[in-house]
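When we follow the UniProt record's numbering, the leftmost residue of the sequence shown carries the number 1, and every step to the right adds one.
Comments concern the structure below.
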Amino acid sequence: RKNTKRVPSFRKLLRTSKIKLDNKLKNKQYKQQSAAKKYRKEQKKLREAVRDAISRKPFPLEECKKKQVADRQEEEEEEALPLDMMDEDDLKLMEDLAQNASFLTRDISSNEPVHIKKRKHESVIEKYEKVPRRMQAEPEKEVIHLLPIKDKGGIIPQTMEKPVLNVAQDEEEEAEEMEEGEDFDEEPLPVLSPEEMAAQRRQKLQERKMHIAALASAILSEPDNNIKKLKELRAMLMEQDPNVAVIVRKLVMVSLMEIFKDIAPSYKIRPLTEAEKATKVKKETQKLREFEEGLVSQYKFYLENLEQTVKDWKQRKLKKSNVISLKAYKGLAEIAVKCLCELLVALPHFNFHNNIIVLIVPLMNDTSKMISQLCFEAVKKLFKQDKLGYASLGVAKVISGLVRGRNYDVRPEVLKVFLHLRIKEVELQKDSEDIAPKKKFMTYKEKRKNLSRMQRKWKKAEEKLERELLEAEASESKEKKLKLHTETLNIVFVTYFRILKKAQNSPLLPAVLEGLAKFAHLINVEFFDDLLIVLHSLIACGDLSYRESLHCILSAFHILSGQGDVLNIDPMKFYTHLYKTLFSLHAGRTNDDIGIVLQCLDVMFAKRRKQVSQQRALAFLKRLSTLALHVLPNSSVGILATNRVLMQTFPKMDLLLDNESQGSGVYLPELDEPEHCNAQNTVLWELHLLQRHYHPTVQKFAAHLIAGAPTEGSGALSLDLSQR
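Quick look at the structure:
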C-alpha cells in the first residue's frame with residue numbers, strides 16, 4: 001500500500017483559517033491586556049513609594065523644642081522642680097526621649113495607639129519589599145499563538161515566545177543619530193544671495209504648478225475615479241510656504257473653479273433619502289452616487305474657503321499663521337470674488353447657487369470699485385442669460401433685503417442692475433386664467449354620451465399617455481415663467497415704492513425713476529393714480545435734477561400708454577413741464593440727456609397721437625427746431641428726426657413752412673403753455689440756418705424738412721437715414 005499524501009479538503013482549510021483568525025484576535029487582546037496590566041502595576045508601585053516617602057519625612061525639631069520650652073516655663077511657674085532633685089539616670093532618659101520627634105509631636109488627645117501609624121507604614125514597606133524584582137536585562141516574554149496541530153486526541157494549541165529585540169543597542173543607535181542631528185543643526189545655514197533666493201522661489205513655484213496641473217488633468221480625464229484628488233487639490237489652498245503662498249493659492253482657486261465648471265452636471269444634485277441609501281443598486285449607480293456626493297461636498301468646502309477669504313479681507317483680519325500680508329490678502333480676495341462671479345454665471349442650475357447670490361449681491365455695494373464692478377457685471381450677465389426666472393427672483397429678493405437692511409444707504413448701481421432684467425410680460429389678474437389654457441380631458445359623462453365602448457377604451461389609454469408626457473416634459477411652461485416674472489417684478493416695485501415713500505432725497509431716486517420708466521407699463525392698474533400723484537409732486541417740488549424730472553415724465557407716460565389707456569387722466573401738466581424745460585438742453589453737460597427727451601417725445605406724441613391737439617404739436621415742433629441750433633450735431637440730428645415724425649404723423653404741420661399767418665394772435669415764444677402760445681402764427685426759419693450747418697447729415701435733414709418731409713421723390717431722405 002502506497003502512502004499517498006491526501007489533499008486537505010476545502011472545509012478543513014476553511015476551519016483552519018477560522019482558527020488562525022481567532023488566534024490573531026487572541027494575540028491582539030493578550031497584548032492589550034498585558035500592556036494595560038503592566039501600566040497599572042507601575043502606577044500602583046509609584047503611588048505606594050510616594051506615600052512611603054511622605055510618611056518617613058520627620059517633622060522639624062525646632063518647632064517642637066520651642067513648644068517644649070514654652071510648656072516648661074508654664075510648668076515652672078506652676079510648680080518649680082529643681083533639676084538637682086532628679087537622678088542622673090532619669091535625666092538621661094528624658095533627654096533621650098526629647099530626641100524622639102514622634103514622642104513630642106504626637107497629638108496626645110487622639111485615641112489611637114501610639115504605634116498604629118508606624119505599623120501601617122511598615123506593612124506597606126514590607127509589602128513593597130516582597131514584590132519580586134526583575135532585572136532590566138530580562139524583558140517580559142510575549143507569547144504568540146500558532147496554528148494548532150490536530151491529533152487523534154483532538155486539537156493541540158501551539159505557542160512560541162516572541163523574539164525580543166536588543167533594546168539597549170537600538171537606544172545607542174538612536175542616541176548616535178540624535179547626536180549627529182544635533183551636530184548637523186549646530187552648523188550655520190548657508191546665507192543665500194537675492195539671485196539664489198529668486199531661483200529657489202522659481203523652482204518651488206514650478207513644482208507647485210506641475211503638481212496642480214497633474215491633479216487637475218487627472219480629475220478632468222476621469223472625474224468618476226479621481227474625485228478624491230479634489231480634496232488634495234483643495235488642501236493646497238492652505239499653502240504655508242511664505243515665498244509662494246499667495247501665487248499658489250490664487251492658482252488653486254482658479255484651477256478649482258475651472259474644474260467645477262467642467263465636471264458639474266447639468267442638473268441639481270439632491271441628497272439621498274434613508275430609504276434610497278438602504279436599497280441595493282447596481283455598481284454603476286453606486287459609483288455615480290459616490291461621485292455626486294463627493295462632488296457636492298468638495299464644491300461646498302471650496303465655496304466656504306472662498307467666502308472665508310473674502311470675509312477675512314473685509315474684516316481686515318489675518319490668520320494666526322501670518323503667512324500672507326494684509327496687502328497680498330486683498331489680491332487673494334479679488335481672485336476669490338472673480339471665481340464666485342464666474343460660478344454665479346456658469347452654474348445657475350447647480351447646488352448652492354442661492355448661497356453664491358447671497359455672497360455676491362452685498363459686494364455690489366463694496367467700497368472697492370473693482371470688486372463692486374465685478375459683481376455688478378456678473379449679476380448683469382446672470383439677468384441677461386436667465387430665461388426661466390429662478391435666478392432673477394433670487395437676486396431681486398436679496399437686493400430688496402439689502403436696501404431695506406441698510407436703510408436705503410446703498411450705491412445707485414445696486415438698483416440700476418434691475419434695468420437688465422429680462423421681463424417683457426407679466427401675469428395680469430384679469431386674464432390670469434387665459435394665459436396658458438390647460439389641457440382639458442373629457443369627463444366620464446361626455447365619453448359615455450359621444451363615444452362607443454371601444455372608443456372609450458382607446459380614449460382612456462390616450463389620455464393616460466398624454467398625462468405622462470405632460471408630467472415628463474422638461475421645458476418650463478409659459479405659465480410658470482410668467483408667475484416667476486410677476487413675483488420678481490412685484491419685489492422690484494415694492495423696493496421702488498418704499499424709496500419713493502420714505503427716501504425721496506436719497507441718491508437712489510434717479511435709479512428708481514429710471515426703473516419705473518422702463519417697467520411702468522407692467523405695473524398693476526391699482527397703483528396708477530397714487531403713482532402719478534407722487535410723480536407730479538416730485539416734479540412740482542423742484543428738488544430734482546433735469547435728468548430725474550425727465551425720468552418722472554417718461555414713467556408717467558409709460559403708465560398711461562399701457563394699461564393706463566382705460567383711465568381718464570389728462571397728463572397736460574407733464575406736457576407743460578417738458579415744454580418749459582426743453583431749453584435746459586445745450587451743447588454742454590446736458591447734451592447727454594437728449595436721448596431721454598427723445599424717448600419722452602416718442603411716447604407723448606407718436607403713441608398718443610389721438611389724444612394730442614394740433615396746437616400742442618405745432619408748439620413743440622417750433623421749440624424743437626429752435627433747440628436744434630443750441631446742441632451738438634448728434635443731438636440736432638435726433639431732434640430733426642423727431643420733427644420729421646411729427647410732420648408725418650400730424651396733419652397741417654406744413655403751416656409752419658408758409659409765411660402767411662393763420663388766424664389771430666402773435667406767437668409768444670416765452671410763454672410756457674404750449675396750447676396758448678399761438679405757434680400757428682410763426683415759421684420754421686431755423687431750418688434755413690441748419691441747411692448751412694457744418695455737419696452734412698444735419699444739412700440733409702434740414703433740406704428734407706424744408707421740402708415738407710416727403711416719403712418719396714427728390715426731397716426724400718436716403719434709405720439708410722430714414723430707417724434709423
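Note that the Cβ used here is the ideal one computed from N, Cα and C, for glycine as well.
{"Query": "With H, G and I counted as helix, E and B as strand and the rest as coil, what does DSSP make of GLN158?", "Result": "strand"}
{"Query": "Is the segment 634-641 close to the segment 670-686, with three or more CB pairs under 8 Å?", "Result": "no"}
{"Query": "Can you tell me whether LEU465 is buried or exposed? The criterion is at least 16 other CB atoms within 10 Å of its CB, across all chains shown.", "Result": "exposed"}
{"Query": "Leaving out five residues before and five after GLU307 in sequence, what residues of the same chain have Cβ atoms less than 7 Å from its Cβ?", "Result": "LEU359"}
{"Query": "Figure out for me which residue from LEU684, MET236, LEU220 has the closest Cα to the Cα of ASP658.", "Result": "LEU684"}
{"Query": "Taking only the alpha-carbon atoms, compute the straight-line gap between ALA461 and LYS478 and give it to the nearest angstrom.", "Result": "27 Å"}
{"Query": "According to DSSP, which residues form a beta bridge with VAL143?", "Result": "GLU161"}
{"Query": "Touching or not, the segment 143-150 and the segment 18-34, by the rule of three or more beta carbon pairs under 8 Å?", "Result": "yes"}
{"Query": "Would you say ASP593 and LEU550 are within 8 Å of each other, going by their C-beta atoms?", "Result": "yes"}
{"Query": "CA-CA distance, ALA336 and LEU598?", "Result": "43 Å"}
{"Query": "In three-state terms, what does DSSP make of PRO148?", "Result": "strand"}
{"Query": "Return the residue from the list GLU304, GLU222, SER325 that minimises the CA-CA distance to ASP241.", "Result": "SER325"}
{"Query": "Using only the alpha-carbon positions, how far apart do ILE54 and ALA36 sit?", "Result": "27 Å"}
{"Query": "Rounding to the nearest angstrom, what Cα-Cα distance links THR581 and LEU719 in this structure?", "Result": "33 Å"}
{"Query": "Looking only at its own chain, which residues have a Cβ that is under 7 Å from the Cβ of SER392, when we skip the five neighbours before and after it?", "Result": "PHE383, ASP386, LEU421, THR488"}
{"Query": "Between which residues of its own chain and ARG616 is the CB-CB distance below 8 Å, once the five residues before and five after are set aside?", "Result": "TYR575, PRO674, GLU675"}
{"Query": "Give the secondary structure of ALA213 by DSSP, where H, G and I count as helix, E and B as strand, and everything else as coil.", "Result": "helix"}
{"Query": "Per DSSP, what kind of secondary structure is LYS280 in: helix, strand or coil?", "Result": "coil"}
{"Query": "So for ILE706, helix, strand or coil by DSSP?", "Result": "helix"}
{"Query": "Classify HIS704: buried if its beta carbon has 16 or more other beta carbons within 10 angstroms, exposed otherwise.", "Result": "buried"}
{"Query": "For PRO271, is the classification buried or exposed, using 16 other Cβ atoms within 10 angstroms of its Cβ as the cut-off for buried?", "Result": "exposed"}
{"Query": "Look at the alpha carbon of LYS45 and the alpha carbon of GLU126, and state the distance between them as a whole number of angstroms.", "Result": "13 Å"}
{"Query": "Expressed to the nearest angstrom, what Euclidean distance is found between the alpha-carbon atoms of VAL492 and LYS228?", "Result": "43 Å"}
{"Query": "Along the alpha helix (DSSP H) that carries SER635, what are the first and last residues, could you check?", "Result": "633-649"}
{"Query": "Does the distance from the CB of LEU303 to the CB of ILE356 come in under 8 Å?", "Result": "yes"}
{"Query": "Is LEU484 closer than 8 Å to LEU388 when the C-beta atoms are compared?", "Result": "yes"}
{"Query": "Look at the Cβ atom of GLN158, then the Cβ atom of LEU230, and state whether they are nearer than 8 Å.", "Result": "no"}
{"Query": "Considering only the alpha carbon of each residue, which of TYR546, GLN614, LYS622 lies closest to GLY595?", "Result": "TYR546"}
{"Query": "In terms of residues, what are the limits of the alpha helix (DSSP H) holding residue 730?", "Result": "Here the chain covers residues 1 to 724 and nothing more, so residue 730 does not appear."}
{"Query": "Checking 8 Å against the spacing of the C-beta atoms, do VAL244 and ILE212 come in under that value?", "Result": "no"}
{"Query": "LEU205 and LYS261 - do their beta-carbons sit closer together than 8 Å?", "Result": "no"}
{"Query": "Per DSSP, what kind of secondary structure is ASN490 in: helix, strand or coil?", "Result": "helix"}
{"Query": "As an exercise, report each continuous alpha helix (DSSP H) stretch of at least 4 residues that is fully enclosed by the segment 193-268, in chain order.", "Result": "194-221, 229-235, 245-263"}
{"Query": "Between ASN407, ARG406, SER400, which lies nearest to VAL417 when the distance is taken from Cα to Cα?", "Result": "SER400"}
{"Query": "Comparing alpha-carbon positions, which option in LEU344, HIS688, TYR408 lies nearest GLY394?", "Result": "LEU344"}
{"Query": "Which of the three DSSP states, helix, strand or coil, is assigned to ARG289?", "Result": "helix"}
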